[in-house]
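A.B. asks:
In the numbering used here, the protein residues as written are 1 to 252.
(1) Specify the secondary structure class of residue 133 as computed by DSSP and reduced to three states.
(2) With DSSP run on the structure shown, which of helix, strand or coil describes residue 85?
(3) Taking residue 149 as part of the alpha helix (DSSP H), name the residues at either end of that continuous run.
(4) Going by the DSSP bridge assignment, what does residue 191 pair with across the sheet?
(5) If I measure Cβ to Cβ from residue 92 and keep anything under 8 Å in the same chain, skipping five residues before and after, which residues do I get?
(6) Would you be able to state if there are at least three C-beta pairs under 8 Å between the region 216 to 224 and the region 98 to 112?
(7) Leaving out five residues before and five after residue 190 in sequence, what residues of the same chain have Cβ atoms less than 8 Å from its Cβ?
(8) With distances taken from CA atoms, which of 128, 96, 140, 46 is nearest residue 209?
(9) Per DSSP, which one or two residues make a beta bridge with residue 186?
(10) Cβ of residue 139 within 8 Å of Cβ of residue 109?
(11) Going residue by residue through the region 186 to 245, where are the continuous alpha helix (DSSP H) segments of at least 4 residues, counting only ones entirely within it?
(12) Please work out which residues of its chain come closer than 6 Å, Cβ to Cβ, to residue 244, disregarding the five sequence neighbours upstream and downstream, and give them in chain order.
(13) How long is the line joining the alpha carbons of residue 126 and residue 117, rounded to whole angstroms?
(14) Give the secondary structure of residue 250 by DSSP, where H, G and I count as helix, E and B as strand, and everything else as coil.
(15) Give the straight-line distance between the Cα atoms of residue 249 and residue 107, rounded to the nearest whole angstrom.
(16) Which residue's Cα is closest to the Cα of residue 198: 176, 228, 171, 172?
(17) What is the residue span of the alpha helix (DSSP H) that residue 79 lies within?
(18) So does residue 101 have its beta carbon nearer than 7 Å to some heavy atom of the ligand NAP?
(19) What separation, rounded to the nearest whole angstrom, lies between the Cα atoms of residue 232 and residue 86?
(20) In the DSSP assignment, find the unbroken alpha helix (DSSP H) run with residue 95 in it and report its ends.
(21) Going by Cα to Cα distance, which pick from 192, 193, 241 is closest to residue 211?
(22) Does the Cβ of residue 155 have 16 or more other Cβ atoms within 10 Å, making it buried, or fewer, making it exposed?
(23) So for residue 139, helix, strand or coil by DSSP?
(24) Would the beta-carbon of residue 161 fall within 8 Å of that of residue 113?
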């Protein structure tokens, strides 16, 4: 008679015992998972600091906005896919453009640490009086958004924006932040940076921009793909910007 060598089936664990076993495995894995989560958070906090420190000596090779525009241009069949940008130094940009951009976008640039609480309060007060809630985005915030972040209005994105803004302010001088902004700001479809903007819209280098041309370029920054520096919107806004440019940006 042949002996049956088939192993006997393992008896099933009672439901209560099975649940306890799964819970025990989960508890055992939790310390390792927690370590990985903490490491991930540490990297997420430290990496922007290291990247921002590098901007003291180098210009960002690209930005999140430029990459989005590249995808959009490819989908729309536009050429070249990658937007045009010509990086230049501070001396190659007319002082009038620096002043015009401050007058148009963030005249309290030298008075805050990236988040302008004064302008934020004004925006909230306007909203309480029934006006439209407008943003009070500083130049530093715009640099953070342009380089690092995706489009949207979620609380997560706003929190990241605030953190990245403070990182930029703590690791870079104010003038360097303004340099970055002028070389990465969008000034038209497929046009980024002051040099390319000056050549496209006025046929001159950024160093040769007049006060009026600078004011007109600054005037279209809120909506550079819809407005033209020579259009009616820019003309109206440039009058206000030129008036503000008569005075130095406040520093104290």
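All C-beta atoms in this analysis are idealised placements derived from N, C-alpha and C, irrespective of residue type, glycine included. Small disclaimer: the values here were computed from a predicted structure and weren't measured.
C.D. replies: With the structure as the only source:
(1) Interpretation of residue 133 is limited by its pLDDT of 46, a score under 50 that renders its predicted location unreliable; the figure taken from the coordinates is listed afterwards. The three-state reading of DSSP puts residue 133 in coil, since its state is none of H, G, I, E or B.
(2) The three-state reading of DSSP puts residue 85 in strand, counting E and B together.
(3) Careful: residue 149 lies outside any alpha helix (DSSP H) and carries neither H nor E.
(4) Bridge partners of residue 191 according to DSSP: 84.
(5) Counting only Cβ-Cβ distances below 8 Å, and skipping sequence neighbours, we find 195, 205, 206, 207.
(6) The region 98 to 112, when compared against the region 216 to 224, does touch it at the 8 Å Cβ threshold.
(7) Hits under 8 Å: 69, 73, 78, 80, 83, 84.
(8) With distances taken between CA atoms, residue 209 lies nearest to 96 out of 128, 96, 140, 46.
(9) Among the bridge pairs identified by DSSP, residue 186 is matched with 192.
(10) In this structure, the beta-carbon distance from residue 139 to residue 109 falls below 8 Å.
(11) Correct list: 194 to 202, 211 to 219, 232 to 244.
(12) Excluding its 5 nearest sequence neighbours in each direction, residue 244 has C-beta neighbours in its own chain below 6 Å: 103, listed in chain order.
(13) Separation of residue 126 and residue 117 (C-alpha to C-alpha, rounded to the nearest whole angstrom) is 14 Å.
(14) In the structure shown, residue 250 sits in coil (DSSP, three-state: anything other than H, G, I, E or B).
(15) In a straight line, the C-alpha of residue 249 is about 6 Å away from that of residue 107.
(16) It is 228.
(17) Per DSSP, residue 79 lies in no alpha helix (DSSP H) and is assigned neither H nor E.
(18) The ligand NAP is not part of the structure shown, which contains no ligands of any sort.
(19) Within the model, the alpha-carbon separation for residue 232 versus residue 86 is close to 28 Å.
(20) Residues 95 to 105.
(21) Looking at the Cα atoms, 241 is the closest of the given residues.
(22) Around the CB of residue 155, fewer than 16 other CB atoms lie within 10 Å, so the residue is classed as exposed.
(23) In the displayed model, residue 139 falls within a helix according to three-state DSSP.
(24) Contact check for residue 161 against residue 113 fails: the beta carbons are separated by 8 Å or more.
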